[in-house]
Amino acid sequence: MTPGHTASLQLPAFLHGTYRSVQQKVKREGLRCAEQYRTEGTFSAHRQLLEVPLGEVVVAQGVVDFQQERPAWRLYMLSQVLGGVWEALGWEDSSAVRDAYEGSFLETPWGALFFTLARMGPVSAERTARRLEAVLRFWEALEGARYLFKAPGAAQTLEEAMEASCGWAMDAWCPERQGPVRARLESAAERMARATREDCLKAIFRQMPRALAAGHDLKHRQVLADPAFQRERLTTLDSRAFERVSGACTPELLEKLYDWDQELGLQ
Numbered sequence: 004m005t006p007g008h009t010a011s012l013q014l015p016a017f018l019h020g021t022y023r024s025v026q027q028k029v030k031r032e033g034l035r036c037a038e039q040y041r042t043e044g045t046f047s048a049h050r051q052l053l054e055v056p057l058g059e060v061v062v063a064q065g066v067v068d069f070q071q072e073r074p075a076w077r078l079y080m081l082s083q084v085l086g087g088v089w090e091a092l093g094w095e096d097s098s099a100v101r102d103a104y105e106g107s108f109l110e111t112p113w114g115a116l117f118f119t120l121a122r123m124g125p126v127s128a129e130r131t132a133r134r135l136e137a138v139l140r141f142w143e144a145l146e147g148a149r150y151l152f153k154a155p156g157a158a159q160t161l162e163e164a165m166e167a168s169c170g171w172a173m174d175a176w177c178p179e180r181q182g183p184v185r186a187r188l189e190s191a192a193e194r195m196a197r198a199t200r201e202d203c204l205k206a207i208f209r210q211m212p213r214a215l216a217a218g219h220d221l222k223h224r225q226v227l228a229d230p231a232f233q234r235e236r237l238t239t240l241d242s243r244a245f246e247r248v249s250g251a252c253t254p255e256l257l258e259k260l261y262d263w264d265q266e267l268g269l270q
C-alpha cells in the first residue's frame, strides 16, 4: 500500500451528525482554519478522523440532503468550512484561500473527492487533472462507501458518482467511450495533464454541442454553433480566460456561449 493511503475511507469527524450539528461543527472548524491561515498562511490536517463503515452512505451534494434530522456523513458541507474561513477573513482574496485549502487537502481521500465533485473555481484542464489524479490515487478507499450525489434517495457507487460528476471530462478527453469509468478517468487525467492549447481546443470542440444543447434561450444559435466562429473567439482569449475554459467543462463553455451571444446582440 502506498504510504499515506488507508484501506478504508476516513472523513473528518465534524462532517458526521444531523444537519444542525454538522453546521455548528463546520462553523467552529471554519473559525479555527481562518485563525491558522491568518497567523501561519497555511492549513493543517483536521484533528479527528472517523472511519466510514463499509457500504455506508455519504451525502455528497446539498440538494439531495432531505433527511436533515438523521445523522449522516455530510461531505458537501466542507464548502461551509471554506465559507467560514472567507467570512472570518473578510472575504479577502477568496480564490487564494480556496486554492490553499485545496492544496492542503487534495492529498486526502475526502479532499480529493470533495473538490472533484464540487468543481470549485475555474475548472481548467490542469486543475481537473490534479483532482482526478487525486481521486484515482484513493480509489480503493473511496469505493468502500456509497454516495448521494444527484439523485435523491438513490445511493450510487463511486464509479456512478464520478460518471455523473465527470462525464463531461470523459466525453471531452476520452471520447473512445470504451472501458470502465476508472480507466477512462485515468486516460482523461493523463491527457489533460499534458495538454497543449491545441489539445484543449479539440476537447472544447467535442464538448460544444452539449453546451449548446443546454443553452435553451441562446438567440444566435446558428452563429454560435459554427466551429469557425468558435475557433476565432477562442483563439482571441488571453491566457487567463482560456485557462478557465481549457478543461472543456460544460458549464464553463455555456457561460462563454452566453457571453458571445450577448456580444452578437450588440453588433
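Residue numbers for the sequence shown follow the numbering used here, beginning at 4 and rising by one. Ideal Cβ placement from N, Cα and C applies to all residues, glycine included.
Of all the options the options, which has the alpha carbon lying nearest to the alpha carbon of residue i?
| i | options | result |
| --- | --- | --- |
| Q230 | A244, A103, I207, A217 | Inspection of the sequence shows that residue 230 is occupied by Pro rather than by Gln. Minimum Cα distance to P230 is reached at I207. |
| L57 | R149, R236, Q51 | R149 |
| L92 | L215, G44, P74 | G44 |
| G20 | L53, D202, Q159, R77 | R77 |
| H223 | Q270, E246, A244 | Q270 |
| A323 | G250, V67, S24 | Past the edges of the chain, shown from 4 to 270, lies residue 323, and the structure says nothing about it. |
Does the beta-carbon distance from residue i to residue j come in below 7 Å?
| i | j | result |
| --- | --- | --- |
| A175 | A128 | no |
| A132 | M195 | yes |
| A63 | L120 | yes |
Using only the alpha-carbon positions, how far apart do residue i and residue j sit?
| i | j | result |
| --- | --- | --- |
| D264 | A228 | 11 Å |
| P6 | L12 | Summary for P6: the model assigns pLDDT 43, below 50, so the residue's position carries little reliability; its value from the coordinates is reported in the next sentence. Those two C-alpha atoms are separated by around 15 Å. |
| Q210 | P112 | 29 Å |
| W171 | L204 | 15 Å |
| M4 | A137 | With a pLDDT of 38 at M4, under the threshold of 50, the modelled position of this residue cannot be trusted; read the value that follows with caution. Cα-Cα distance, rounded: 15 Å. |
| L267 | K259 | 12 Å |
| L240 | V60 | 43 Å |
| P15 | W142 | 18 Å |
| G65 | A214 | 24 Å |
| R73 | L145 | 22 Å |
| H8 | E162 | Low confidence applies here, because H8 scores a pLDDT of 48, under 50, leaving its location unreliable; read the following figure in that light. Taking the straight line from one Cα to the other gives about 19 Å. |
| L52 | S97 | 26 Å |
Is the Cβ of residue i closer than 7 Å to any Cβ of chain B?
| i | result |
| --- | --- |
| R185 | Protein chains in the displayed structure number just one, and chain B is not present. |
For this session: Tell me the start and end of each unbroken beta strand (DSSP E) in the stretch 124-174 that is at least 3 residues and wholly inside, in chain order.
Result: 149-151
Exercise. Counting only runs that start and end within the stretch 19-58, where is the beta strand (DSSP E) found for 3 or more residues in a row?
Worked result: 52-54
For this session: Count the CB pairs spanning the stretch 19-31 and the stretch 81-95 that are closer than 8 Å, and state whether there are at least three.
Result: yes
Exercise. Hey, is the stretch 180-196 in contact with the stretch 147-166, meaning 3+ C-beta pairs nearer than 8 Å?
Worked result: yes
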